[in-house]
Structure formats: structure tokens, C-alpha cells
Amino acid sequence: MAGQGVEGGLRFAVLGPVRAWRDGRELDLGTPLQRSILAMLLLREGRAVTPNEMIDGVWGEDAPPRALGALRTYVSRLRTVLEPDRPARSRPELLTSIGRGYALRLPDGALDLTCFQRDAQQAEAARRSGRLDAAAEALRGALGLFAGEPLAGAVGPYAEHQRDRLVERRISLVEALMDVDLELGRHAEVVSELIALTAEHPLRERLRAQLMLAYYRCGRQGDALAVFTETREALVDELGVEPGPELAGLHQRILSADPSLTPSGPAPSAAHGDEQEREEDPQPAPELPRPAQLPAAVTDFTGRRDVAARLRSMLAARSAGDGVPVAVICGIGGVGKTTLAVHAAHAAADLFPDGQLYADLRGHSDEPTAPESALGGFLRALGVPPDVIPDGLHERSALYRSILAERRILVLLDNARDAEQVGPLLPGSAGCAALVTSRAKLADLPSARLIDLDVMEPDEALSLFASVAGPERVAAEHGAAMDAVAACGFLPLAVRILAARLAARPTWTVASLVPRLADERRRLDELRVGNLAVEATFALGYGQLDAGQARAFRLLSLPTGPDVSLGAAAAVLSMREFEAEDVLESLVDASLLEAPGPGRYRFHDLLKLFARRELDRSEPAEATATALRRLLGFYLASAQSAHRLAYEGSMIADNLAAVGEGRSFASADDAVAWLISEGDSLFAAVHQAAASARAAGELLPAADLLLAMEPLLESGTHTREFDQATRSVLAAATPLGDQAGELRARYVLGRVLFAGNRLKDAEEHFRTVYELSKARGEKIVTGEVMNALAVVVGRQRRHTEALAWFDEAMRYYRENGVPAGEALVLSYSARDHLGLGRAEDAVAAAEKGLALFTEIGSGAGTARARYHLGIVLSRVGRLAEAVHHHAECLAFFRASKQRVWEQRVCSRLAETLIAAGRHADAARHAEQALTVSREIAHPYGEALSLAVLGRALRGLGDETRSGDCLRQALEIFTRIGAPEAGDLKLLLDGSPAVGSPAGPAQQPGRAVRPVPVVES
3 MAGQGVEGGL RFAVLGPVRA WRDGRELDLG TPLQRSILAM LLLREGRAVT PNEMIDGVWG
63 EDAPPRALGA LRTYVSRLRT VLEPDRPARS RPELLTSIGR GYALRLPDGA LDLTCFQRDA
123 QQAEAARRSG RLDAAAEALR GALGLFAGEP LAGAVGPYAE HQRDRLVERR ISLVEALMDV
183 DLELGRHAEV VSELIALTAE HPLRERLRAQ LMLAYYRCGR QGDALAVFTE TREALVDELG
243 VEPGPELAGL HQRILSADPS LTPSGPAPSA AHGDEQEREE DPQPAPELPR PAQLPAAVTD
303 FTGRRDVAAR LRSMLAARSA GDGVPVAVIC GIGGVGKTTL AVHAAHAAAD LFPDGQLYAD
363 LRGHSDEPTA PESALGGFLR ALGVPPDVIP DGLHERSALY RSILAERRIL VLLDNARDAE
423 QVGPLLPGSA GCAALVTSRA KLADLPSARL IDLDVMEPDE ALSLFASVAG PERVAAEHGA
483 AMDAVAACGF LPLAVRILAA RLAARPTWTV ASLVPRLADE RRRLDELRVG NLAVEATFAL
543 GYGQLDAGQA RAFRLLSLPT GPDVSLGAAA AVLSMREFEA EDVLESLVDA SLLEAPGPGR
603 YRFHDLLKLF ARRELDRSEP AEATATALRR LLGFYLASAQ SAHRLAYEGS MIADNLAAVG
663 EGRSFASADD AVAWLISEGD SLFAAVHQAA ASARAAGELL PAADLLLAME PLLESGTHTR
723 EFDQATRSVL AAATPLGDQA GELRARYVLG RVLFAGNRLK DAEEHFRTVY ELSKARGEKI
783 VTGEVMNALA VVVGRQRRHT EALAWFDEAM RYYRENGVPA GEALVLSYSA RDHLGLGRAE
843 DAVAAAEKGL ALFTEIGSGA GTARARYHLG IVLSRVGRLA EAVHHHAECL AFFRASKQRV
903 WEQRVCSRLA ETLIAAGRHA DAARHAEQAL TVSREIAHPY GEALSLAVLG RALRGLGDET
963 RSGDCLRQAL EIFTRIGAPE AGDLKLLLDG SPAVGSPAGP AQQPGRAVRP VPVVES
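For the sequence shown, the working numbering assigns the number 3 to the initial residue and increments by one for each residue that follows.
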């Protein structure tokens, strides 16, 4: 039976019961439904099947409500059966997910149906070349693969349809075998077989005609005529029709004893067959031409060594099932697909001694090459006379594969449109190979191995530029040349065009090209020479899009960030996410969009300029403005949700002017992670909104977005971006008289300046925000800015003034029912009580703040309260408690990726450990604080970490390293104008300031004297 006893891997059977074996051992394929799903995947021969197709094919109209869940369960079980040794969470190798569907990737020969089709093709080829014995043998081999009713055990509409198709295909091959046997003069041998076949299929006229002919050639004319009579009666009784022209004509020819019905000679017997063969004088087969159709190779081909080597390896490969190697090069227009393919084909010519075929399929033109036309050209190149070439696609494809069956030929199919265009042009047997280029991914092309060609590496692009423009000119202006190829996005076509322009103008310098390319509105116009133009190349792909795809392509050029998430793209397009995903993925498949990661999309720089130009040409200004408002609305609504989770109880989130829908988050950690990952896109949206604002009020969403992004400041990863974005909004708000936008931007800018220890500047902005808030009656940051003013003046050691601001903030929060604000004031004010020597007040305030945050359930608030309480407890000598609180909040800040707070806590924990005499542990935590501070470019944190590390090292007796650290800390504190510089100078001079980063801890129960206390 098919599939049994075959060693060497997986084998599958559908020409009988649906079965599978591994190394000759049959596998348990589960329930009929599970077998039906496997059968569907097998019959699609590597092409993807969507869940809807599977549900319709297996359940039909009786699909249960949860059919999709059941389908996924069956697929999961099949994956376990087929790959039992696959590690957990690793990607399946056989039953893979493609887009929204599934595909079963198998080598040729693993499925009995594939072997059946191969034998049938070989039989057709042998018959056409006159090798009838070989044709009969191949046909018997194909029919021998059937092991009963096809797809036995499979259920559902799809299995029923395919079962009928396979039964019909089998009987068609039986008829072909009978024809061959009759041509070989084996009429006596086939009579009994034909009698059985006509009894099984009484209405098949071709079998009846074959039986009539066999009877006639055996001298049984009466039996032959009786068959016609029986057939006619059956057709009339069953179908109400007369016999067809073929059967009726044969009947007449038998009646008239047509001599052409008699075979030219008897079939050779076993006794004298060898003698007859020796007596025959066979004519040698004519030598077929050796095609050499490859275009000329590019003489200045540059780079791509690794991918060229991969291609040669692919083309030389022989799969376990003797399949045809098919390599597909895909990518955006102008990326060099054809140039690479032609280069690789020439380089692999020695592997294909019988020649190379080439066809430009014009896949992205208005009239792509029809497969029939390409096959006609191939057949003529292979020596087939034009009048012998059949008309139909399938007939041409079968003849083409038959001719290639015994030859080693490489087929290069350039600029393909889709898998449907390519399929009929692929060779059918081992020895040949195919190399395909396409802008589409062709993921549904069976057995194809994909190379998604990216732009060149910078050094490769520079080499290409030099090879065309002249190496001496490029070497003399290396920097300008690199700027030029970078402006081309390292796209080979753009680089070649620019270099050709330079080569044609000897008086130009490379540097003169750079400003021409700097203007994004004109860059595409600069990238044209002769008949070559980047814009025209892009236009070919764009022209193949339908209306919905083209609109999406244009609108997605609006966001100025480095990429765009699926949610943001859906907002721009005004679609639901699943609808947008289908459109975006279709653009990725067309190589007009890139997918750098799951759920993220981006353009190549030049392609984005092209899309933006098409947007300006096609979309009204109001439509683009509306799309940008939707984008900003999505970002603001999402950031509002993030802010609400990260800063539980804050008034800011409730007062943001968010409209529309955004993302929701499961936790504060998820919210902050989203802000970090989306940061660049968020800042780009703020800049874009600031640049386009033309009236007061238009800036409000952008300014609110900056406020909502405030938790991102704590990560320390985007301080510079916050500075630039707030100044951009402020610059736009001032001339428009937009005070709402101004106060929001100034508040965030004050936070940024404070983080950089620019205390005076931060205080100035905070005071302006406070006055604007009072004048406008806006509550969005009123409490926060009073608290910020308290902290910033406290950092300048104006502790009495700081406590006055904290008191005002406390009154405001209580009047407005904001307990989180009250907790914040209590926690932060403890530091200033400590600064005035009021230890009991400091401890009481810090403990009340922690209790209130704990009651509210604010994770971030609780962590910050622990931080402040730990500092206070350390200063009053309760060291074990201080270490506990700092360890707790450090774990929170690390988990939530708040790196500014992480370095702060590490420094404070190190101070406490120094006070406890644990200098080695203190040095370890100070080193961690130093590393984080430098990674996030936080000068104040770096200086504080160095100061604490210096003290820890001094405790360990390492005076040299200690002195180096302290001097570095002093240099940074002095440079940024921090008051700690004076304390550190005293320490270096030998007189440590009490309570400074170098001062001793206080003993438990003792009140502290007024000392400087830093805020980190």
C-alpha cells in the first residue's frame, strides 16, 4: 500500500484512506475532522489555506459556532503528531502559519498524489516522444499508487469534491493506459480489463470505444457491435441521449471494415521480441537546441556577495523528494532584484549545461505577460515547431515540462506578478531550477525559498557610486559621497542614477549634489537620468494597487515617525484594526511597505517621499488634516490611559482633551513599556502638529499629549526628545497666543530642565505655569506645578519656602479631593523637614505619605513614598528599615523600567549601606547607579553616583580610586551648577559636611541639625 515501508521521513497518502507514516511507521491522525483538515492542507500542495476556507471545506453549512477554536485545536494536534520532537514555543517547520492561514510545506515525493502527478507527466512525455512502453510503465506506476477510494475517512464538502476529482483523474489515466496498450498491439490482453471497467463505468463512452476496438482487433466483430448496441441502449435509458460522434464514428468504421482500425503489426512476443528489436534500425533522436537567453550581466555589479552565494546554493540544491529548486527574490522597485538575479544566473550557468531560459513577465505593467505567451517562447527556444505548439495553457505547460524532464536548464522568470502567473512556467523535474524576481512576496508559491532583498549596506552603496561616478572623484570627497548615497536611502537604482548624473557632468562636485538632495520635495526629481527614474519605478508598483490599497499607501505617508503601529495606522485610515491589517499586509506583500516587527510598518525613505507626493496630488488638504487629527487623537487617548495607570490618582489624565479611541493597558508596566516603544512616533506627532498649527486651540492635543507622556520622563530614555518637543510646541504657541498650549509645554519643559539640574530655569518656567493656571482657572497642572515649585526650591536648599509651597499644594489637593496629591506632598515634604532639622516631622510626613499611597493602591506612588521614607530613616539612623524600603522600591522601578528612579534608589541605598559599614555592598550599588546614569545620560545622577562610590571605596581603603571618583563628581557638580559641589569640595579638602553625600548618618532617636539634603 502507498506509503508503507518507506524509510527516510514523513510520507502521506490521499489516494486511498488519508494516512501518514514516519520512517515506515504509521501515525495516528485522529478523528475524521482532523484527517479532513490534514487532507485539505495536503491537497493544497504548500499553498496557504485560510481558516474560513477550512471551516467551509470541512464543516460546510453545518459549522458549529466555535468552529474556529476547534480548527485551531486540530491544527495544534496535527503539529504535535507531525513534529513530536519540536521544542515548546519553537516555530513549526511543517505545518506553518502564513498570514492568517496555514500551509503544509513538504518536499516533492512525500505525498502519493505528487508521485502520481509526476508519473502521469512522465507518461505523457514518453507518449509524445513515441516511447510507448515507457508511457505504459509510467501509467501503471501512477495507477498503482491508488489504494482504494481516494480520501477515504475524510469528510466535508471539500473532501467530497476532491474525491470526485481524483476518481475522475484516475479513470482518465486508465483510459490513457488502454489507448497506449492498444497502440502497442496488446488488444488481447486488455479485453478482460476493459470488460470489468465498462461494467464499473457503463456510461463512459471512451472505455466502450476501447473495448469495441479491442474486440474488433481480436477478430470479434460481433462482440464489438454488441458493445455499441448495449451502450446506446444504456445512454438512451439513463440519459436520454444518443452516443457521441467518436463512438458512433467507430461503429460505422467497424461496419465498413475500415483498414485503419487494424494494427500495423502484431505485438512482439516474448520469444522473438529481442530478435525484432535487433532487426530494427532506430533513428537517433534529433539534438535539441541549447537556449542561452539570459540578459547580459552588469559589468559593475557591486556587493551582495552573501546573498549571491545563498542563491547559488539554493539553485544547486536537490530536495529529498527530487523537487525543483525555486528561489524567489522580492523587494521594492529599484532594490536590484533583476541585476542580482541575472548576476546569480550567469554565475550558476555551469550547474545547468543544457542552457538557460529567460522571460520578462512584466508583472507590474498594464499588460503582464500571459503564461501561455511565455510558454510559447520557451517551447520555440527549445526547438518545438510553431505549428506543433498546442493552444491551451495546460497543454503547453505539460509539453514544456516533458521536454525539460531529462535536461538541466535554469529558468529565470523576471518581474513576476503573482504565483498564478509563475506556476505554469516552473520546470517539473529535478535537474532544472527556477529563479524568480517579483515585488510581491509570492508566499503562496509551493516549495519556493524566499529572499527579501533589502537596500545595500552603506559601504556597498558607496562602492557602487564610485564604480559609476569614478573612484577618484568619490575618494576625494568621501564624506559628501556617503551623504549622497544616504540621501538615496542606499537604494541601488537611486545610487546608480545619481552616480550617472555626476559622471555625465565633469564640472560638478560630489558635494554639490548633497544640497540638491536635502530638499525632500525635490529629491525624487533629482533621481532621474535618461530613461531611468526612481519615481517611474515606484509608479509601476503603485499602479497595480486597487483603490483601497492606494488610499492607504498615500495616507500612511502622513506620520513622520520612523514607523507606525497597527493601531496608529488604523486611526489614520479610519478602519478597524483587523481591516487595516489586511490592507497593510497586502502592501507588505507588494513590497510597498516594510514590516520591521509584528504589528509595525514603515516605508523606505524614497518610497515615503513618493507616497507623500501622490498624497498631495490626490487627497484634499482637509482629508489629510482630518487623518492627522485621527492619528493625534489615537496617540493622545492611548497616552491618557498610560498616564492614568502610571500615575494613579493624578488630576492630569482626567483633564486631558482626548477624543476618539486609543489603546488600553493591563498594567502600569505595560503602559510605560508602550510609551517607551512608541516614544519616537509620539514625539514626531507632536512636532508635526506644532508645525501645522495655524490657530489657537489647534495645539491643544499636541500639548496634552506631551503631558500624557510624562511617565516616559522617568525612563530617562527620551530627555532630549522631550526638550525639543516642548520647545517646538512653545515656539508655536507664543505667536498664536495659545496660553493653554503654552502652560502645558512650559510645565513639561520645567520637568525636563529640573531633571538636568537646571534649577533656576526650571523654577522660572514653573512660576510662569503657576501664574497662567491661576489666571485661566485651569486645573490640569495646578497642583502638580505647586508641588514642582516646592521640590525645585527645596533642591536649592530654600526649605522654608519649599514647605510653604507644599502647604499650598496640600490645600489645593484637599479642596479638589485628590488623595494621591496629598500623599505626594507628604512624601516629598519630608525631605525639607529633614533639611530644617525636624526629624520627627520628616519621619511622620514620609510615613503618612506611604500609608496614603498604599491605601489608594498606587504602585508608582507607593514606590516613590518608600524612596523618600528610606532617605529619612537612613538620616535618623534607622538603617535596616531604610534598606528594606529602598530594596522594595528598587524592585518596582526596575520592573517598570523607570531608570531615572532606579539610579536614584541605587545611590541612596549605597549611602545607607555606607552608614551601616557595609562598604562592599555600597560600592556594588553605587556602581550600578553609575552605569544606569551614564546609559541614560543623566549628569546629576552620574555625579551623585560617583560621590557615593568614592565614599564607599574610601571605606574599603582604596584611596586612589576614591579620590578619582570624588574629583570626577566635583567636576560634574560644578559644571551643572549643583549646590552639592561645595559639600564635595569640603570633603576633598578633608572636612566633610555633615549630612552631605559624604556626611555620617545620625544616631537613632537623635534630632538632626539643619543640613544640606540633595534631591536626586
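No residue lacks a Cβ here, since even glycine has one placed at the ideal position from N, Cα and C.
Let me make sure I understand the geometry here. Which of the options has the alpha-carbon closest to that of residue i?
{"i": "phenylalanine 467", "options": "Asp454, Asp456 and Ala482", "result": "Ala482"}
{"i": "proline 265", "options": "Ile100, Leu186 and Ala226", "result": "Leu186"}
{"i": "leucine 871", "options": "Gly879, Asp923, Ser829 and Gln905", "result": "Ser829"}
{"i": "isoleucine 453", "options": "Glu459, Ala445 and Pro460", "result": "Ala445"}
{"i": "serine 947", "options": "Ile978, Leu73, Val907 and Asp960", "result": "Val907"}
{"i": "leucine 852", "options": "Ala841, Gly837 and Leu826", "result": "Leu826"}
{"i": "phenylalanine 380", "options": "Thr736, Gln123, Leu515 and Pro426", "result": "Pro426"}
{"i": "valine 16", "options": "Leu40, Ala832 and Leu738", "result": "Leu40"}
{"i": "alanine 949", "options": "Asn657, Ala918 and Arg910", "result": "Arg910"}
{"i": "glycine 599", "options": "Tyr160, Ser679, Cys220 and Leu617", "result": "Ser679"}
{"i": "lysine 776", "options": "Met458, Tyr814, Val309 and Leu363", "result": "Tyr814"}
{"i": "arginine 401", "options": "Asp420, Arg419, Gln930 and Pro429", "result": "Reading off the sequence, residue 401 comes out as leucine, not arginine. Nearest option by C-alpha distance: Pro429."}
{"i": "glycine 472", "options": "Leu437, Ala489, Val512 and Arg441", "result": "Val512"}
{"i": "threonine 371", "options": "Asp302, Ala216 and Asn417", "result": "Asn417"}
What does the Cβ neighbour count give for residue i, buried or exposed, with the cut at 16 atoms within 10 Å?
{"i": "leucine 257", "result": "exposed"}
{"i": "glycine 357", "result": "buried"}
{"i": "valine 243", "result": "exposed"}
{"i": "valine 845", "result": "buried"}
{"i": "glycine 819", "result": "exposed"}
{"i": "lysine 443", "result": "buried"}
{"i": "proline 268", "result": "Reliability of the predicted coordinates at proline 268 is poor, the pLDDT of 43 falling under 50, and the value obtained from them is presented with this limitation in mind. It is exposed - the Cβ of proline 268 has fewer than 16 other Cβ atoms within 10 Å."}
{"i": "proline 564", "result": "exposed"}
{"i": "alanine 954", "result": "buried"}
{"i": "arginine 1008", "result": "At arginine 1008, the pLDDT of 35 sits below 50, so the modelled position is not reliable and the matter cannot be decided from this model."}
{"i": "leucine 205", "result": "exposed"}
{"i": "glutamine 278", "result": "With a pLDDT of only 42 at glutamine 278, under the threshold of 50, the placement of this residue in the model should not be trusted, and no figure is reported."}
{"i": "leucine 875", "result": "buried"}
Do residue i and residue j have their CB atoms nearer than 7 Å?
{"i": "serine 449", "j": "valine 330", "result": "no"}
{"i": "alanine 505", "j": "valine 531", "result": "no"}
{"i": "leucine 745", "j": "valine 794", "result": "no"}
{"i": "leucine 106", "j": "leucine 43", "result": "yes"}
{"i": "alanine 1052", "j": "glycine 752", "result": "There is no way to answer for residue 1052, as the model of the chain reaches only from 3 to 1018."}
{"i": "valine 438", "j": "leucine 415", "result": "yes"}
{"i": "alanine 673", "j": "alanine 648", "result": "yes"}
State the beta-bridge partners of residue i as determined by DSSP.
{"i": "arginine 21", "result": "Ala15"}
{"i": "cysteine 332", "result": "Ser440 and Asp454"}
{"i": "leucine 97", "result": "Leu106"}
{"i": "glutamate 28", "result": "Trp23"}
{"i": "tyrosine 603", "result": "Val566"}
{"i": "arginine 840", "result": "The partner list for arginine 840 (beta bridge, DSSP) is empty, contrary to what the question assumes."}
{"i": "valine 531", "result": "Leu534"}
{"i": "alanine 432", "result": "Cys434"}
For the beta strand (DSSP E) that contains residue i, what are its first and last residues?
{"i": "glutamine 358", "result": "358–362"}
{"i": "glycine 599", "result": "596–599"}
{"i": "valine 51", "result": "That residue, valine 51, is in no beta strand (DSSP E); it is neither H nor E in DSSP."}
{"i": "aspartate 416", "result": "412–418"}
Quick one: give me the first and last residue of the alpha helix (DSSP H) that residue i is part of.
{"i": "valine 934", "result": "921–937"}
{"i": "proline 607", "result": "The question names proline, but residue 607 is aspartate in the sequence shown. Run containing aspartate 607: 607–620, per the alpha helix (DSSP H) assignment."}
{"i": "aspartate 485", "result": "480–489"}
{"i": "aspartate 809", "result": "801–817"}
{"i": "lysine 899", "result": "Unbroken run through lysine 899: none, as it is neither H nor E."}
{"i": "methionine 316", "result": "307–318"}
{"i": "glutamate 235", "result": "223–240"}
{"i": "histidine 720", "result": "Element bounds for histidine 720: n/a, residue is neither H nor E."}
{"i": "arginine 292", "result": "Element bounds for arginine 292: n/a, residue is neither H nor E."}
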